[in-house]
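Participant:
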Amino acid sequence: MKKYHVTGVGNALVDREYQVSDSFLERYQVEKSIMTLLDEAQQQLLLGELNKEFKIEKRVGGGSAANSLVALSQFGGQAFYCCKVANDEDGIFYRKDLQAAGVDTHLHEQDNDGHTGKCVVMVTPDAERTMCTFLGITIDFSHDELKEEAIKDSEYLYIEGYLATSEIARDAVKSARKAAESANTKIALTFSDSSMVKYFKEGLDEFLTPGVDVLFCNREEAEIYTGKDSQEEAMNELLKYAKQVVVTQGKEGALIGTQEKRVKVPGFPVKAIDTNGAGDMFAGAYLYAVTQGWGIAKAGTLASRAAAEVVTHYGPRLPAQTHEDILQELAPAQAERV
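The sequence shown runs -16 to 321 under our numbering.
Below you can see the structure in the form of structure tokens.
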């Protein structure tokens, strides 16, 4: 038996979340609903304007893969995260945040000058999240930040699509894949955001070669990546690269596909106030369930329920007790684990 259920590789970012108006995004020409990369000066200017009009709602640890691993850990799984932070106040905050969530790291072994990455998350009244990210020191995430022993001692390696923006990070992903393959560790990938599919498709192509065990994406990402305008055609195309494809569909749930079958996962009606982290939560809950031996239909139901819950809160993560409550809520339905 391996020590970890999942080891993830991805960016380490501290999120600063604001409730904003659509007019604010329009005024400052911020493309809505996607992630945009900024340099530090641009992000500081944006933060200055935000702080004139709005109050910060939350400051939390973030990063796509990190959010998923926190969810997996809070449900009861064992997780390790390979990432990079600086020796600044945000880096200390981030390390303590993951530790408190039960996610193992080797950040205590790092001694990096510079600035920890930051993500400004702006949530509009329709609950859509828009992100402007300064990667900081994580832009140099490399092979040096990998913990190959953890990858080899995991059931899954989980790759964050945001790493496609950096050549040095893409090389690190290649090394991580080699370590996983040498130890029969399965590989899961998330596209992370439609901006990655639109602007960094070649990098995602590298991540998908020569194939993955599980691919997570939403419907828009699936159709943009494949160039197909129907969900079934997009699914068929993605199954050329992944043994299992999980396409989230917002409030409608999700569609899970393999070569043999399609499984429609129901959505859970809620009042959404912030969609930030919904896909991350889905992936984390799903990976928790499948590493516990649950079948894809039941794993998808747990993931859909957890994703629905997270959009009723500000921020990409849930209180620890909420994970246990969700497991208890679904326990009768999950008993068969098929």
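Using N, Cα and C, we set each Cβ at its ideal position, and we do this for glycine too.
Whole alpha helix (DSSP H) runs in the stretch 66 to 141 with 4 or more residues, listed along the chain?
Facilitator: Those alpha helix (DSSP H) runs which fall completely within the stretch 66 to 141 and span 4+ residues are 72 to 83, 131 to 135.
Participant: Assess contact between the stretch 15 to 25 and the stretch 231 to 250, defined as three or more Cβ pairs (one per stretch) separated by less than 8 Å. Is contact present?
Facilitator: With a cut-off of 8 Å, the stretch 231 to 250 and the stretch 15 to 25 do not count as touching, because too few Cβ pairs lie within range.
Participant: In three-state DSSP terms, what is Phe190?
Facilitator: In the structure shown, Phe190 sits in a helix (DSSP, three-state: H, G or I).
Participant: Can you give me the Cβ contacts of Ala318 inside the same chain, cut-off strictly under 6 Å, excluding the 5 residues immediately before and after it?
Facilitator: At Ala318, the pLDDT of 45 sits below 50, so the modelled position is not reliable; the number obtained from the coordinates is stated separately. Same-chain partners within the cutoff: there are none.
Participant: What's the call for Gly260, buried or exposed, on a 16-neighbour Cβ count within 10 Å?
Facilitator: Its Cβ being crowded by 16 or more others within 10 Å, Gly260 is buried.
Participant: Can you check whether the CB of Glu40 is closer than 8 Å to the CB of Gln82?
Facilitator: It is not a contact, given that the beta carbons lie outside the stated cut-off.
Participant: Mark His(-12) as exposed unless 16 or more other C-beta atoms lie within 10 angstroms of its C-beta, in which case mark it buried.
Facilitator: The residue is buried, with at least 16 neighbouring Cβ atoms inside 10 Å.
Participant: So what's Gly323 in DSSP terms, helix, strand or just coil?
Facilitator: Since the first and last residues shown for the chain are -16 and 321, residue 323 lies out of range.
Participant: If we count the other Cβ atoms within 10 Å of its Cβ and call it buried at 16 or more, is Gln61 buried or exposed?
Facilitator: When all chains shown are included, Gln61 counts as buried.
Participant: Could you pull the start and end residues of the beta strand (DSSP E) that Thr258 belongs to?
Facilitator: No beta strand (DSSP E) holds Thr258; DSSP gives it neither H nor E.
Participant: Quick check: Ala171 and Tyr139, are their CB atoms within less than 8 Å of each other?
Facilitator: Cβ atoms of Ala171 and Tyr139: closer than 8 Å.
Participant: Let me check understanding here. Comparing Cα to Cα, which of Thr113, Leu30, Lys135 lies closest to Lys169?
Facilitator: Nearest C-alpha to Lys169: Lys135.
Participant: Select from Asn34, Phe76, Ser177, Ala69 the residue whose C-alpha is nearest the C-alpha of Gln93.
Facilitator: Selected option, being the one with the closest Cα: Ala69.
Participant: On the DSSP bridge list, what partners appear for Ala205?
Facilitator: BP columns for Ala205 are empty, so no partner.
Participant: Can you list, in chain order, the residues of its chain whose CB lies under 8 Å from that of Arg153, leaving out five sequence neighbours each side?
Facilitator: So the list reads Leu146, Ala147, Gly186, Glu189, Phe190, once near-sequence residues are dropped.
Participant: Cβ of Asp94 less than 8 Å from any chain D Cβ?
Facilitator: In the structure shown, chain D does not exist; there is a single protein chain.
Participant: At what residues does the beta strand (DSSP E) containing Gln57 begin and finish?
Facilitator: Unbroken run through Gln57 is the alpha helix (DSSP H), 47 to 58; no beta strand (DSSP E).
Participant: When you compare the CB positions of Ser177 and Glu203, do they come within less than 8 Å of one another, or not?
Facilitator: The answer is yes: Cβ separation under 8 Å.
Participant: Assign Pro299 to buried or exposed, taking buried as 16 or more other Cβ atoms, counted over all protein chains shown, within 10 Å of its Cβ.
Facilitator: Buried.
Participant: Relative to the C-alpha of Asp358, which candidate in Glu243, Asp123, Leu118 has its C-alpha closest?
Facilitator: Since the first and last residues shown for the chain are -16 and 321, residue 358 lies out of range.
Participant: Go ahead and label Ser4 buried or exposed: buried means 16 or more other beta carbons lie within 10 angstroms of its beta carbon, across all protein chains shown.
Facilitator: Exposed.
Participant: Counting only the same chain and skipping the five closest in sequence on each side, list residues whose C-beta sits under 6 Å from that of Met105.
Facilitator: Answer for Met105: Tyr1, Val3, Thr113, listed in chain order.
Participant: Within a Cβ cutoff of 7 Å, which residues of the same chain sit near Glu220, ignoring the five residues on either side of it in sequence?
Facilitator: Excluding sequence neighbours, Glu220 sits near Thr209, Lys211.
Participant: Classify Tyr(-13) as helix, strand or coil using the three-state DSSP reduction.
Facilitator: Strand, per DSSP.
Participant: For Ala291, which residues in the same chain have their Cβ closer than 6 Å to its Cβ, ignoring the five residues on either side in sequence?
Facilitator: Counting only Cβ-Cβ distances below 6 Å, and skipping sequence neighbours, we find Phe251, Val253.
Participant: Within 10 angstroms of the Cβ of Arg320, are there 16 or more other Cβ atoms? Answer buried if so, exposed if not.
Facilitator: Because Arg320 carries a pLDDT of 46, less than 50, the predicted location of this residue cannot be relied on, and the following value inherits that uncertainty. Counting Cβ neighbours within 10 Å, Arg320 comes out exposed, since fewer than 16 surround it.
Participant: Give me the residue from Gly278, Leu313, Gly100 with the minimum Cα distance to Leu21.
Facilitator: Of the candidates Gly278, Leu313, Gly100, the one whose C-alpha sits nearest the C-alpha of Leu21 is Gly100.
Participant: Can the beta-carbon of Ala266 be found less than 8 Å from the beta-carbon of Phe58?
Facilitator: Not a contact, by the Cβ cut-off of 8 Å.
Participant: Going by C-alpha distance, which of Leu55, Phe63, Gly97, Ser56 is nearest Ile75?
Facilitator: Minimum Cα distance to Ile75 is reached at Gly97.
Participant: DSSP puts Thr305 in a beta bridge; with which residues?
Facilitator: Its beta-bridge partners do not exist; DSSP assigns none.
Participant: Taking the alpha-carbon positions, what's the Gly276 to Leu270 distance?
Facilitator: About 10 Å.
Participant: Within its chain, find whatever has a CB closer than 7 Å to the CB of Thr258; leave out the 5 residues flanking it on each side and keep chain order.
Facilitator: These residues qualify, in order along the chain: Ala110, Glu111, Arg112, Val294.
Participant: For the beta strand (DSSP E) that Arg245 lies in, which residues bound it at each end?
Facilitator: Arg245 -> beta strand (DSSP E) spans 245 to 248.
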